[in-house]
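Have a look at the structure below before the remarks.
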Amino acid sequence: VGFINGPIGLSVIRFFIGIAGSSFVMAQFWPSRMFSREISGTANGLVGGWGNLGGAFTQVFMGAILFPAFRTIYDGDSEKSWRLICAIPAVMAFLWGCLLPFITDDAPMGNYHEMRKNGTMDRVLYTTSLRQSAVVNTWILYAQYACSFGVELAMNNGSVLYFVSEFGLTTEEASTLGFIYGSMNIFARVLGGFISDHLNLSSGLRGRLWLTTILLILEGVMIIVFSYTKTIPTAIITMCIFSIFTQSAEGAIYGVVPYVSKLYTGSVAGLVGAGGNVGSVVYGFGFRHLPYRDAFLMMGTIVIASSALSVFVKIPCHAGLLSGEDNHAVIQARERFKRRREHERSVLAKHQMAHRDSSNGNGDQTSADGP
3 VGFINGPIGL SVIRFFIGIA GSSFVMAQFW PSRMFSREIS GTANGLVGGW
53 GNLGGAFTQV FMGAILFPAF RTIYDGDSEK SWRLICAIPA VMAFLWGCLL
103 PFITDDAPMG NYHEMRKNGT MDRVLYTTSL RQSAVVNTWI LYAQYACSFG
153 VELAMNNGSV LYFVSEFGLT TEEASTLGFI YGSMNIFARV LGGFISDHLN
203 LSSGLRGRLW LTTILLILEG VMIIVFSYTK TIPTAIITMC IFSIFTQSAE
253 GAIYGVVPYV SKLYTGSVAG LVGAGGNVGS VVYGFGFRHL PYRDAFLMMG
303 TIVIASSALS VFVKIPCHAG LLSGEDNHAV IQARERFKRR REHERSVLAK
353 HQMAHRDSSN GNGDQTSADG P
């Protein structure tokens, strides 16, 4: 980006940046391969939340630290400064991409090419994967993710401009406030996934859907409240609250994704993830052509309306938001997971107690052998 001098070049480079950004979808599918569906919300929430946290950190690192530092070095040349600092995250991403294949596995049983050779992995055709994953449930989650992650992307892009325009802050000050919004990812997205997992153990998929619905409603309400704030302190507090609801909704939605299609979870995750980017584009047009308050009102209203879509999520063998019941096999699988988890906790507690007793015994023996 730092070498671009025209709109065509910027469009081309942003196209390739978008392709590179699709790695986020792979990172959301990966935990679904590495962990069971019963804890998929927590696993996906941790990975996605800390991934988004990287975006927030980059915003404040580049806007509030690197940009002023480089501008000082180059005697106030702002254009040269922003062009140079664009190279720093690019180099970091490139180096991490080169390292990743050597320190990771594709699944608990190894890498995909090894699993295909051993016959332990089903062969999935690309066209079949897309056809089987593009079902109504996927598109509903697509729309709801557009109303959560799409909102987050819109805020990441527009919060700095909003605080500069509405409150007269400098770019450095506004970047710091923008970081506060994204920094909620350190806990909020994984919190949504964690609560979703626990509701699943008590109420099944219905619990996950109710959580998603409630979080979207609260998110939309807080966006509308944010649009009416008049002072910086109230704007910051309101922004933090609606950021928590937004990111918790993201975690809750990806707690549902692994249930849509067990064999084609990757394609489902990809389509749902794309909804976030589409949502940010829609909201971006709103912020470009409407006053800030009207744009926020539009966004909040759309988010609240999206919560009603949960009623139409119908996954075979699982209870829906208002109707249906889990079948016997689903209930039994959930009970087996509970028993296995309790057994693991019991074994861990015994090991800890034995280690404590051993440590106390060694301490007593040392005292007895002393002068």
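Heads up: take any position in the sequence shown, counting from 1, add 2, and you land on my numbering. C-beta atoms are modelled at their ideal positions from N, C-alpha and C, and glycine is treated no differently. Computed from a predicted structure; not experimentally measured.
For residue i, which residues from the same chain have a beta carbon less than 7 Å from its beta carbon, with the 5 sequence-adjacent residues on both sides left out?
i	result
alanine 321	Gly206, Leu207, Arg208, Glu327 and Asp328
threonine 74	none
Leaving out five residues before and five after residue i in sequence, what residues of the same chain have Cβ atoms less than 8 Å from its Cβ?
i	result
asparagine 113	Asp107
threonine 173	Gly65, Phe69, Val162 and Val166
glycine 277	Leu143, Tyr144, Ala145, Gln146, Tyr147, Ala148, Phe151 and Gly152
phenylalanine 31	Thr267, Gly268, Ala271 and Gly272
phenylalanine 298	Ile225, Ile226, Phe228 and Ser229
alanine 254	Gly43, Gly194, Gly195, Ile197, Ser198, Arg210, Leu213, Thr214 and Leu217
When DSSP labels each residue in this structure, what does residue i get in the three-state scheme?
i	result
alanine 156	helix
alanine 109	strand
valine 315	coil
aspartate 296	helix
serine 233	Note on residue identity: the sequence assigns threonine, not serine, to residue 233. Looking at threonine 233 - three-state DSSP - the assignment turns out to be coil, as it is neither helix nor strand.
asparagine 7	coil
aspartate 199	helix
tyrosine 266	coil
valine 137	coil
asparagine 329	coil
glycine 206	coil
phenylalanine 189	coil
leucine 171	coil
leucine 323	coil
Please classify residue i as buried or exposed, where buried requires at least 16 other C-beta atoms within 10 Å of its C-beta.
i	result
threonine 44	buried
alanine 356	exposed
valine 305	buried
leucine 12	exposed
How many Å lie between residue i and residue j at the Cα?
i	j	result
leucine 86	alanine 29	29 Å
tryptophan 84	cysteine 242	28 Å
isoleucine 67	glutamate 175	11 Å
tyrosine 76	tryptophan 52	33 Å
glycine 257	asparagine 139	13 Å
alanine 251	phenylalanine 169	29 Å
Within a Cβ cutoff of 6 Å, which residues of the same chain sit near residue i, ignoring the five residues on either side of it in sequence?
i	result
glutamate 154	Thr248
valine 280	Ala148
glycine 288	Ala297 and Met300
valine 27	Ala271, Gly272 and Gly275
proline 91	Thr60
Length-filtered (4 minimum) alpha helix (DSSP H) runs lying within the segment 21-102: The qualifying runs are 25-36, 42-62, 69-75, 80-87 and 89-101.
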